[in-house]
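The next block holds one structure in the form of structure tokens; read it before the comments.
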Amino acid sequence: MLEAPESHTGWTFITNHARVLASIADNPNARIRDIAARCRLTERAVSRIIADLEQDGYLSHTREGRTNTYRIAPGKALRHPAEANLPLASLLSLLVHSETERTAAQQQADPQQHVAAPQANTQQQPVAG
């Protein structure tokens, strides 16, 4: 059974929307439950974030049986005017790379407890969720 997400007060450098996108980009077989656990969010929060990302064209999905397959739009510009000239892929390349490094560091600290994260793939490809 999954534990409740740890609470956090104060601001952070990375938004939850960016965390969810990076998780989807990093793990093509992730379910909402897996994304929520990895991002330390509730499943309801992840569902709302996915809806936001789809509404603004950063993410789309197709239904395949009981599974949603997500597709990231890596060429779409970032939302803030200061980063409007940067594509989503540039943000994902930083976040997914950082997540892979973090996982590797955790494995070195406790190799029995952690499984390596798959390589980042920021090209537009189907992602299950």
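In terms of the UniProt record's numbering, the sequence shown is residues 1 to 129. For every residue, glycine included, the Cβ atom is placed at its ideal position computed from N, Cα and C.
Query: Every unbroken alpha helix (DSSP H) within the region 8–81, with a cutoff of 4 residues, ordered by chain; Result: 16–26, 32–39 and 43–55
Query: Residue of Leu86, Asp26 and Ile14 minimising C-alpha distance to Val96; Result: Asp26
Query: Inter-stretch contact at 8 Å, needing at least 3 Cβ pairs: the region 30–40 / the region 55–64; Result: no
Query: Outcome for Ile49 when other beta-carbon atoms lying within 10 angstroms are tallied against a minimum of 16; Result: buried
Query: Cβ shell of Ala73 (< 8 Å), same chain only, five flanking positions each side left out; Result: Gly57, Tyr58, Leu59, Ser60, Leu88 and Gln124
Query: Inter-residue Cα distance where the pair is Asp34 and Val20; Result: 10 Å
Query: Buried versus exposed, by CB contacts within 10 Å (16 or more), Leu86; Result: exposed
Query: Selected residue, minimal CA-CA separation from Ile24, among Phe13, Ala104, Ser93 and Ala109; Result: Ser93
Query: Alpha-carbon to alpha-carbon, Pro28 and Ala45; Result: 19 Å
Query: Inter-residue CB distance, Ala18 and Leu91 (contact presumed, cutoff 8 Å); Result: 6 Å
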